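Student:
In the working numbering, the protein residues as written are 2 to 265.
(1) Between the C-alpha atoms of residue 55 and residue 199, what's the straight-line distance to the nearest angstrom?
(2) For residue 46 versus residue 187, is the C-beta distance shorter than 9 Å?
(3) How about the region 127-142 and the region 163-173: do they share at least three Cβ pairs that are nearer than 8 Å?
(4) Considering residue 248, what are the terminal residues of the alpha helix (DSSP H) in which it resides?
(5) Whole angstroms are fine: how far does the CA of residue 221 sit from the CA of residue 248?
(6) Can you tell me which of 226, 217, 116, 209 puts its alpha carbon nearest to the alpha carbon of residue 165?
(7) One question on the structure: do residue 152 and residue 204 come within less than 9 Å of each other, judged by their Cβ atoms?
(8) Note the first and the last residue of the continuous beta strand (DSSP E) segment covering residue 220.
(9) For residue 66, I'd like the list of residues in its chain whose CB is within less than 6 Å of its CB, leaving aside the five on either flank, ordered along the chain.
(10) Beta-carbon within less than 8 Å of residue 254's beta-carbon, same chain only, minus the 5 sequence neighbours each way: which residues are those?
(11) Distance, Cα to Cα, residue 23 vs residue 42?
(12) Kindly give me the distance between the Cβ atoms of residue 223 and residue 241, rounded to whole angstroms, as I take these residues to be in contact under 8 Å.
(13) Could you say which of 231, 160, 146, 50 lies nearest to residue 119 if we only look at CA atoms?
(14) Straight-line CA distance for residue 157 to residue 122?
(15) Quick one: give me the first and last residue of the beta strand (DSSP E) that residue 13 is part of.
(16) Ignoring anything shorter than 4 residues, give me the alpha helix (DSSP H) runs that lie fully in the region 133-198, in order along the chain.
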């Protein structure tokens, strides 16, 4: 744990009474992990926590939008699109035409879902990166979360773009049952997806560590639990992080300034 200076924001040792850089008196109340920031740093931290809360509110909204959009698009398909593959297998031209039309529509609808998901996803991770960037300026231990968010953003965006490329290559196969024309590009995209999946996974682990440290620093069990659940149960984890961030923001807004903050 570290004890940030309310004057210059330098992370001092927990046992220090004065800042080793500027000599300012350090707060001595509470345990180090539960101390709230003082002075001008409080506003920075409050803004960072609010951005983190907004990011995960967007993630919750994205789940709702994605499910609603999925149901709306799925409702367009006819029963023939489900049994269409059987028509191809047994040489039925009418069923083949039906599945070709349905498959083309499926690809168009998939593009819509992907576009909406990517927009919300990028906005969410942009806010997370901004949040950890602000926290990192005051507490160096949050650099892990920022790096993790960047790796996750880059990795997952490249994966989505690669999947779109795969669909573009496979579209003639799906729509008209044509042979694959560019096997090399197909394999290249598959390898790229595998590599970026590893990068994204590393980023997600680092982001989880960063979120857990936020919960530990500001004594929020909801964020600590939510950071772990977000890996397996995204919506539930996001809800807990929003609850925890709201509690931290409330404490930052309502807690009276410390003696150090008044005299600084």
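No residue lacks a Cβ here, since even glycine has one placed at the ideal position from N, Cα and C. Just so it is clear, the structure is predicted and the values come from calculations on it, not from any experiment.
Tutor: Reading it off the structure:
(1) Rounded to whole angstroms, residue 55 to residue 199 spans 27 Å at the Cα level.
(2) Taking 9 Å as the Cβ cut-off, residue 46 and residue 187 do not qualify as a contacting pair.
(3) With the cut-off at 8 Å, the region 127-142 and the region 163-173 do not touch.
(4) Here the alpha helix (DSSP H) through residue 248 covers 235-255.
(5) Cα to Cα, the separation comes out at about 8 Å.
(6) Among 226, 217, 116, 209, the Cα nearest to that of residue 165 belongs to 116.
(7) The criterion of a C-beta distance shorter than 9 Å is satisfied by residue 152 and residue 204.
(8) Premise fails: residue 220 is in no beta strand (DSSP E) and is neither H nor E.
(9) If we look at residue 66 and ignore the five residues flanking it on each side, it has no Cβ neighbours.
(10) Excluding sequence positions up to five before and after residue 254, its CB lies within less than 8 Å of the CB of 47, all in the same chain and listed in chain order.
(11) Distance between residue 23 and residue 42, taken at the CA atoms: about 16 Å.
(12) Between residue 241 and residue 223 the Cβ distance is about 5 Å, and since that is below 8 Å, they are a contact.
(13) The residue with the shortest Cα to Cα distance from residue 119 is 160.
(14) Computed Cα separation, rounded: 9 Å.
(15) In the DSSP assignment, residue 13 falls within the unbroken beta strand (DSSP E) covering 12-14.
(16) Whole alpha helix (DSSP H) segments, 4+ residues: 144-177.
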